[in-house]
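Working notes, beginning with the structure itself.
In the UniProt record's numbering, the protein residues as written are 1 to 173.
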């Protein structure tokens, strides 16, 4: 992790779908990062053009994979099932949760950045540091699914690790 290529890999994996209400697409690109042991894209997405309880509602998400594709692929297949069962919304990392109300985007969460005072305090308490607004000078977000290299301290619980997967956001009813 943290190593970069001399030029970005600009090959994209894109998907799109459309129905009478929505036109949606997503595109993933490796960019500058070296993904030495992985040949597949680390990112995943979910496009649900209609939901079982309300066909006029949809669910779209992009999951930014770090350190391998397993966490993002699992989230792409399963996370929406959990999210749709509750009225509380949150995110981890810097991929925001938003809702469209009459065509207006409204935030449901905020970005988790290492420079945030509360996030930096947890990172330091877990034995990490913040440099160049990055966790240990590497990761530009302070909460993530995956990124297990930052979650190896067996003496503290998962929510107190250098990078935690604990959801944190705002509640919209």
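Each residue gets a CB set at the ideal place from its N, CA and C atoms; glycine is no exception. Being a predicted model, the structure only gives us computed values, none of them experimental.
Suppose you measure from the CA of residue i to the CA of residue j; what does that come to, to the nearest Å?
| i | j | result |
| --- | --- | --- |
| residue 16 | residue 110 | 26 Å |
| residue 124 | residue 136 | 10 Å |
| residue 47 | residue 134 | 30 Å |
| residue 145 | residue 41 | 16 Å |
| residue 130 | residue 120 | 7 Å |
| residue 74 | residue 68 | 11 Å |
| residue 154 | residue 104 | 44 Å |
| residue 108 | residue 147 | 24 Å |
| residue 10 | residue 31 | 6 Å |
Can you name the residues that DSSP bridges to residue i?
| i | result |
| --- | --- |
| residue 164 | 143 |
| residue 97 | Its beta-bridge partners do not exist; DSSP assigns none. |
| residue 29 | 12 |
Just reading off the beta strand (DSSP E) that residue i is part of, what are its end residues?
| i | result |
| --- | --- |
| residue 202 | The first residue shown for the chain is 1 and the last is 173, placing residue 202 beyond what the model contains. |
| residue 113 | Premise fails: residue 113 is in no beta strand (DSSP E) and is neither H nor E. |
| residue 119 | Per DSSP, residue 119 belongs to no beta strand (DSSP E); it is in the alpha helix (DSSP H), 117-125. |
| residue 14 | 4-18 |
| residue 107 | 104-107 |
| residue 47 | 44-48 |
| residue 59 | 59-63 |
Which residues in the same chain as residue i place their Cβ atom closer than 6 Å to its Cβ, once the five residues preceding and following it in sequence are excluded?
| i | result |
| --- | --- |
| residue 166 | 159 |
Within the same chain, show all residues whose beta-carbon is closer than 8 Å to that of residue i, passing over the 5 residues directly before and after it, in chain order.
| i | result |
| --- | --- |
| residue 45 | 15, 26, 28, 60, 61, 62, 63 and 76 |
| residue 100 | 106 |
Does any C-beta atom of chain B lie closer than 8 Å to the C-beta of residue i?
| i | result |
| --- | --- |
| residue 68 | Given the protein chain composition of this structure (a single chain), no chain B is represented. |
Identify, in the order they occur along the chain, each residue of the same chain with its Cβ nearer than 7 Å to the Cβ of residue i, setting aside the five sequence neighbours on each side.
| i | result |
| --- | --- |
| residue 98 | 105, 106, 107 and 108 |
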